[in-house]
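First up is the structure itself, then whatever we jot down about it.
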């Protein structure tokens, strides 16, 4: 059964759920109605229930519930302007809504289904900020994943094991005691959750192509367990433009970034780095979590770049990557 933003809105009904409800844009009754449905459910059959909150997807709340924008920590890959802080407060308020809804679902699941219930909470991409959603930087692809299964998954443990979203389906099948089809790409990370191993993948591949005529910027990336990430921008001659830069109703802070960039070199660097990129990028995400120092031309990291470049080449060939450009790109005169 599915309630809320589980797929990309109306596409959810195409995914084979027995029940799929409240999947329209910001249909915020979804979580409450999922709980009501669960409370009224009479069947004792096994249940896999998906509950998707719309938060913290935009539009973020205007009421920030007393969050002090001036006291917030602004990430080093964001321009620290007054307006940017006001919008970050709204983003934090949206996260509070998500957290509250998660708590409601957790309480209902344990109350109705009992403690022997496996719960997985995750997000499909990063927030709608520059260097986040629609990019392959960690702010865009490294997302929360929290699992709970009393008596089987130890509480309060944080794992460094690398997991990809394609691993979620095999894990759910494994938890339910099912047999995994041979044509599924992912692999179960249940052994990590139960403490049988501390490792899962040695490399993760990510990809982005575009969203209509927004962010038409095909890019591929590979990150290894040592934290080295290699990004290949297939068309560095394109200018990166997203909902952040084009549909500013939900990101009105962007204008303040441009204004700051007129007088501030650091702000100008951030704006330029968001919209104009080199063909290849290499970062040590453990030492540089906000990916501000591109190591691709540093001789000290030639080996790491070469290894990841080869792994990405192999994966793109294996998956039949056509490197198609979807949408109409914005072409720049020259790229850095």
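In the numbering used here, the protein residues as written are 1086 to 1421.
Virtual Cβ for every residue (Gly too), placed ideally from N, Cα, C.
Buried or exposed for residue i, going by 16 or more other Cβ atoms inside 10 Å?
{"i": "residue 1300", "result": "buried"}
{"i": "residue 1251", "result": "exposed"}
{"i": "residue 1395", "result": "exposed"}
{"i": "residue 1137", "result": "buried"}
{"i": "residue 1100", "result": "exposed"}
{"i": "residue 1358", "result": "buried"}
{"i": "residue 1285", "result": "buried"}
{"i": "residue 1404", "result": "exposed"}
{"i": "residue 1273", "result": "buried"}
{"i": "residue 1180", "result": "exposed"}
In this structure, does DSSP put residue i in helix, strand or coil?
{"i": "residue 1296", "result": "strand"}
{"i": "residue 1420", "result": "Confidence is the limiting factor: at residue 1420 the pLDDT is only 45, short of 50, which leaves the residue's position unreliable and the question unanswerable from this model."}
{"i": "residue 1349", "result": "coil"}
{"i": "residue 1367", "result": "strand"}
{"i": "residue 1213", "result": "coil"}
{"i": "residue 1309", "result": "strand"}
{"i": "residue 1372", "result": "coil"}
{"i": "residue 1285", "result": "coil"}
{"i": "residue 1152", "result": "coil"}
{"i": "residue 1343", "result": "helix"}
{"i": "residue 1127", "result": "coil"}
{"i": "residue 1236", "result": "coil"}
{"i": "residue 1221", "result": "coil"}
{"i": "residue 1231", "result": "strand"}
{"i": "residue 1304", "result": "strand"}
{"i": "residue 1272", "result": "coil"}
{"i": "residue 1314", "result": "strand"}
Going by beta carbon distance, what residues of the same chain come within less than 6 Å of residue i, once the five residues before and after it are set aside?
{"i": "residue 1295", "result": "1301, 1411 and 1412"}
{"i": "residue 1224", "result": "1211, 1216 and 1217"}
{"i": "residue 1308", "result": "1289 and 1314"}
{"i": "residue 1353", "result": "1346"}
{"i": "residue 1278", "result": "1232 and 1238"}
{"i": "residue 1230", "result": "1207"}
{"i": "residue 1421", "result": "Caution is warranted here: a pLDDT of 48 is assigned to residue 1421, below 50, making its placement in the model unreliable, and the coordinate value is therefore given only provisionally. Cβ within range, chain order: 1361 and 1363."}
{"i": "residue 1134", "result": "1086"}
{"i": "residue 1328", "result": "1299"}
Between which two residues does the beta strand (DSSP E) holding residue i run?
{"i": "residue 1136", "result": "1135 to 1137"}
{"i": "residue 1256", "result": "Looking at the DSSP string, residue 1256 is not in any beta strand (DSSP E); the run it does join, the alpha helix (DSSP H), is 1253 to 1260."}
{"i": "residue 1104", "result": "Premise fails: residue 1104 is in no beta strand (DSSP E) and is neither H nor E."}
{"i": "residue 1399", "result": "Note, residue 1399: premise wrong, no beta strand (DSSP E); alpha helix (DSSP H) at 1387 to 1403."}
{"i": "residue 1088", "result": "1087 to 1089"}
Within its chain, find whatever has a CB closer than 7 Å to the CB of residue i; leave out the 5 residues flanking it on each side and keep chain order.
{"i": "residue 1390", "result": "1315, 1367 and 1381"}
{"i": "residue 1171", "result": "1154"}
{"i": "residue 1097", "result": "1087, 1091, 1105 and 1108"}
{"i": "residue 1194", "result": "1202 and 1204"}
{"i": "residue 1131", "result": "1261"}
{"i": "residue 1102", "result": "1086 and 1087"}
Considering just the uninterrupted stretch of the alpha helix (DSSP H) at residue i, what are its terminal residues?
{"i": "residue 1247", "result": "Taken as a continuous stretch (DSSP letters only), residue 1247 belongs to no alpha helix (DSSP H), as it is neither H nor E."}
{"i": "residue 1185", "result": "1167 to 1198"}
{"i": "residue 1320", "result": "Looking at the DSSP string, residue 1320 is not in any alpha helix (DSSP H), and its letter there is neither H nor E."}
{"i": "residue 1263", "result": "From DSSP, residue 1263 is part of no alpha helix (DSSP H); its letter is neither H nor E."}
{"i": "residue 1275", "result": "1275 to 1278"}
{"i": "residue 1206", "result": "No alpha helix (DSSP H) holds residue 1206; the beta strand (DSSP E) holding it covers 1204 to 1207."}
{"i": "residue 1328", "result": "1328 to 1331"}
Using a Cβ-Cβ cutoff of less than 8 Å, which residues in the same chain neighbour residue i once the five nearest sequence positions on both sides are dropped?
{"i": "residue 1148", "result": "1178"}
{"i": "residue 1379", "result": "1363, 1366, 1367 and 1368"}
{"i": "residue 1407", "result": "none"}
Is residue i near the ligand HEM, in the sense that its beta carbon is under 7 Å from a heavy atom of that ligand?
{"i": "residue 1377", "result": "This structure lacks the ligand HEM; in fact it carries no ligand of any kind."}
*State whether the segment 1295 to 1309 contacts the segment 1399 to 1418, with contact taken as three or more CB pairs (one from each stretch) at a distance under 8 Å.*
yes
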